[in-house]
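Contents: one structure, followed by commentary.
Protein chains in written order, with this note's numbering: chain F, 2 to 531; chain P, 32 to 348.
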């Protein structure tokens, strides 16, 4: 008991000093002293959860049907392009009905070659060896492409990664804000934006797929048929964005938003808001060629399957710049420009959970939480002092050190403190002294049994440790499960409990043991007052 | 300085004398608690049933009926309004709208802009909207988490002690959780994710006492091999009583302060853990220990297990 080597004292002292050092930047953050913390000392800080800092939390889920639809459309375009390449294969209408792509090959001699070329379009999947599309021939001339299960899973995963980046660019075009955008559970994206109290603007930015397409208007369509939703072969009927009826357009895409390099809100000659877009080289070439071939005809500017406007091509557009007009306000034109510039979402995202907290409520929570923490620390300290005297003082020193260590470790790992986390902190304060209570009660008991002082202290620490260990394992089990299943604030609570369990065993057992050993060695007491 | 001794030295209470009565009473209380919870249901927050909530902070006291009639006139649907701690903070809760997901958040926005117009200076402090899908998952995950934590801890106790102790721990936990649920059903306090976090904490902390008492029972079973089981349990409970009282008090003091002056948002969490610790202290004495008698733990149980360990090589269990 008395043998407490010098190196151990130094080691424990070092750990504590480190904990205190690490916790200070978080404690002085936001106060007048935050500027005076020397730059050469650790700068780690605990980050505040949205429930304390204020801000918006959105959980987005991919619309699986839309993902499938978009994938089919992209494939359809790819196939159409491939079939036009030399040697050209003449096919009937490409159908995307029933979640698969099928078309008739007009010349039966070309069926095998078509299948060969379709197979080349499909990608092998790394692990399973399967391909992402299954190509089959039905009724000897109909080629059918069916998405494979593995391919769909893979496509969704890729789409989610792209979507995550797109969402980030839309919310934070300059890339300077401290926002969180992460994919979760395969088909979800978690968005956390501190400081934003009304998430409506956020949701508008995220809610738009922003798939921009330019297609020629089908002038051959019979207006009556169009109103009834029927389009000629090779065309489709799309509604106007402003609700003024519908229009028939060719299925084939002239140019799409994928070939944009930039989009900005501007004004047209009449001072109405519009959007200036700029194509990349390939897009500009394609746009120039199509407009050259179709001067005098109208083309439709289509956003997410709705026609924004259908202006006439007065002259070929060669420079790769174009204006999108429509009935915009400055704000909606700006939002659309941001969305277009950040790329289209490969999948439609729905908001399935939304939580916002104002900065004032967060501040109020911090304020009340800190006051409650300080008062409980003092209450527990006084209680321990009147119950155990000198040993209570040791327990109290350990308690304060423990508080610093918890904060220090949280800062080191840049853990997030949430409101339930503050509750976890207070709970840990109350429970951390349990180890000391166990030890001290055991020492009292051993002294009653007539053991000598040093022997009693030694036995007390030794016998109590078993129960301390087992009790803390039960805490770890429940806190670990909470950290695994919980989200956001609750996870913050679990993290504080987990850290608190580890630090409290260190401070309450090893640190107080050192204090007691040093005292006994120095003062050589003949009786214990405990 | 005279030190405070809440439990005098040489305390020797005959806890086990009342064990059957206590067990019967606990059983009745548990059954009533579960029955009441099933019959009346819990006041589940939007975390578990979906819906929308805004929390409004007014600059001056507002009458709940006044607020209700004004919110009704906004035409946002059946609103339930609840004061949060005082007459200047209210929670307006709206059911999950039927129909497309996109519409679900529109109502919160409507309230957000409408309330400050009707009550100048009022501030919407928080808004939440949870879809049916998410709430179902949260409810399911919460139930799994609590069940898993209970089982995990029971298995650990079994592993560290004997199977009877594991069963005792599980029954104790079941009792504590059932009683706390009953309390929430009875008081109509809202059950949200924080309260589930509290339940998980109770699972960890209410067992704290049980573990300490079991540890002492095990120690005494080895030490006094001739002693009958009931006096041995009494001895163990009395020896650990001072610690039980002191620890429970420190935790209750800390949580009580949090409950009384802490942020209102986590009142549910604080009161649940407070109650759980209180119930846990009782059940560690009157459920954990008597269950061992009931499951036939005898002074020679551990003797046998010691011998079993020695013979483990030749006699696989």
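We put the CB at the ideal spot given by N, CA and C, even for glycine.
For clarity, every value in this text was computed on a predicted model and none was experimentally measured.
CB contact flag (residue i, residue j, <8 Å)
i                      : j                      : result
residue 479 of chain F : residue 306 of chain P : no
residue 234 of chain P : residue 180 of chain P : yes
residue 56 of chain F  : residue 208 of chain F : no
residue 334 of chain F : residue 275 of chain F : yes
residue 91 of chain P  : residue 125 of chain P : no
residue 312 of chain P : residue 210 of chain P : no
residue 174 of chain F : residue 339 of chain F : yes
residue 429 of chain F : residue 366 of chain F : no
residue 198 of chain P : residue 322 of chain P : yes
residue 343 of chain F : residue 170 of chain F : yes
residue 156 of chain F : residue 133 of chain F : yes
residue 240 of chain F : residue 219 of chain F : no
residue 14 of chain P  : residue 253 of chain P : The question about residue 14 of chain P has no answer here: the residues shown for chain P are numbered 32 through 348.
residue 239 of chain P : residue 472 of chain F : yes
residue 53 of chain F  : residue 363 of chain F : yes
residue 73 of chain F  : residue 102 of chain F : yes
For residue i: DSSP bridge partner residues
i                      : result
residue 372 of chain P : Outside the shown range of chain P (32 to 348) lies residue 372 of chain P, about which nothing can therefore be said.
residue 132 of chain F : F/125
residue 194 of chain F : F/57
residue 299 of chain F : F/313
residue 184 of chain F : F/190
residue 57 of chain P  : Residue 57 of chain P is not bridged to any residue.
residue 221 of chain P : P/74
residue 349 of chain F : In DSSP, residue 349 of chain F forms no bridge with anything.
Buried versus exposed, by CB contacts within 10 Å (16 or more), residue i
i                      : result
residue 87 of chain F  : exposed
residue 246 of chain P : buried
residue 91 of chain F  : exposed
residue 63 of chain P  : exposed
residue 485 of chain F : exposed
residue 76 of chain P  : buried
residue 293 of chain F : exposed
residue 527 of chain F : exposed
residue 347 of chain F : buried
residue 134 of chain P : With a pLDDT of 48 at residue 134 of chain P, under the threshold of 50, the modelled position of this residue cannot be trusted, and the question is left open.
residue 160 of chain P : buried
residue 58 of chain F  : buried
residue 369 of chain F : buried
residue 319 of chain F : exposed
residue 18 of chain F  : exposed
residue 6 of chain F   : exposed
residue 343 of chain P : Note that residue 343 of chain P scores 45 on pLDDT, short of 50, meaning its location in the model is unreliable and no value can be drawn from it.
residue 283 of chain F : exposed
residue 271 of chain F : exposed
residue 462 of chain F : buried
residue 395 of chain P : Absent from the model: residue 395 of chain P. The displayed extent of chain P is 32 to 348, so no value can be given.
residue 144 of chain P : exposed
residue 1 of chain F   : The question about residue 1 of chain F has no answer here: the residues shown for chain F are numbered 2 through 531.
residue 524 of chain F : exposed
residue 291 of chain P : exposed
For residue j and residue i, believed in contact at Cβ under 8 Å, the rounded distance
i                      : j                      : result
residue 244 of chain P : residue 319 of chain P : 6 Å
residue 45 of chain P  : residue 166 of chain P : In fact, because the Cβ distance is near 50 Å, the residues do not count as touching under 8 Å.
residue 183 of chain F : residue 191 of chain F : 5 Å
residue 351 of chain F : residue 62 of chain F  : 5 Å
residue 314 of chain P : residue 206 of chain P : 5 Å
residue 100 of chain P : residue 127 of chain P : The pair is not a contact, with the Cβ atoms about 23 Å apart (cut-off 8 Å).
residue 85 of chain P  : residue 169 of chain P : The pair is not a contact, with the Cβ atoms about 19 Å apart (cut-off 8 Å).
residue 309 of chain F : residue 321 of chain F : About 20 Å; that fails the 8 Å criterion.
residue 308 of chain P : residue 237 of chain P : 7 Å
residue 42 of chain P  : residue 269 of chain P : 6 Å
residue 420 of chain F : residue 300 of chain F : Not confirmed; about 55 Å, so no contact.
Inter-stretch contact at 8 Å, needing at least 3 Cβ pairs: the segment 433-448 of chain F / the segment 270-277 of chain P: yes
Cβ contact check for the segment 110-123 of chain P and the segment 95-102 of chain P: 3 or more pairs under 8 Å: yes
The segment 221-231 of chain F contacting the segment 245-255 of chain F, beta-carbon criterion three pairs below 8 Å: yes
contact_flag[the segment 108-117 of chain F, the segment 128-144 of chain F] where n(CB pairs < 8 Å) is 3 or more: yes
Contact the segment 283-298 of chain P vs the segment 59-75 of chain P: 3+ CB pairs below 8 Å: no
Cβ contact check for the segment 507-519 of chain F and the segment 391-404 of chain F: 3 or more pairs under 8 Å: yes
Cβ contact (3+ pairs, closer than 8 Å) linking the segment 142-161 of chain P and the segment 464-472 of chain F: no
Stretch-stretch touch, CB-based, cutoff 8 Å, three pairs: the segment 20-27 of chain F with the segment 398-411 of chain F: yes
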